[in-house]
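Before any comments, here is the structure.
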Amino acid sequence: MGDGVVIGMVLGFQDAVPLVVFPGNAQDTAIPARSLARLDSGDLGAEVALLFEDGDCARPLIVGKLVEPQRPAAGSVVVADGQMLRLVAKERIELRVGKASLILEADGHITLRGTDLVSHASRSNRIRGGSVNLN
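Right, dumping it as structure tokens:
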């Protein structure tokens, strides 16, 4: 192998030793690698930067893990200041737990579902709409 860094991938672990594949690997299977970075099962499939001890491609050395830059999710924002929680999304917000769900859509459609719905008000409880259908 040359003197430069080769990009490989962690395919598994054998006795806590990472197994890697990389372009130019003469073997048909992943091979054990030493590592300068701490890796665990959450790193399966991760791209890693490899060098080779004494230029020997049978002795890969993981010098680091490639990471994607952290970017906020497109179109969604969460703001919490202890007084208010604001969720902002471009198309849809869904809250789901068990058999209950609340779905808010950009077109103004709101869906509230559950096995039982309860509405309490200490003052008036109003239902308003262009038309109101019960049952």
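Residues in the sequence shown are numbered consecutively from 2, following my numbering.
Glycine included, every Cβ here is placed at the ideal spot set by N, Cα and C.
Check: Buried versus exposed call for G123 [16 or more other C-beta atoms within 10 Å across all chains shown]; Outcome: For the record, residue 123 in the displayed sequence is Ser; it is not Gly. By the 10 Å Cβ count, S123 comes out exposed.
Check: For E106 and R93, believed in contact at Cβ under 8 Å, the rounded distance; Outcome: 5 Å
Check: Proximity to N26 [Cα-Cα], best of V119, L86 and F53; Outcome: F53
Check: Beta carbon of A50 nearer than 8 Å to that of V68; Outcome: no
Check: Neighbourhood of L12 by C-beta distance below 8 Å, restricted to the same chain and skipping five residues each side; Outcome: L20, V21, V22, A31, L45 and G46
Check: Minimum C-alpha distance to D108 - residue among V133, S42, A90 and G9; Outcome: A90
Check: Per-residue burial, A34 [other beta carbons within 10 Å of its own, 16 or more giving buried]; Outcome: buried
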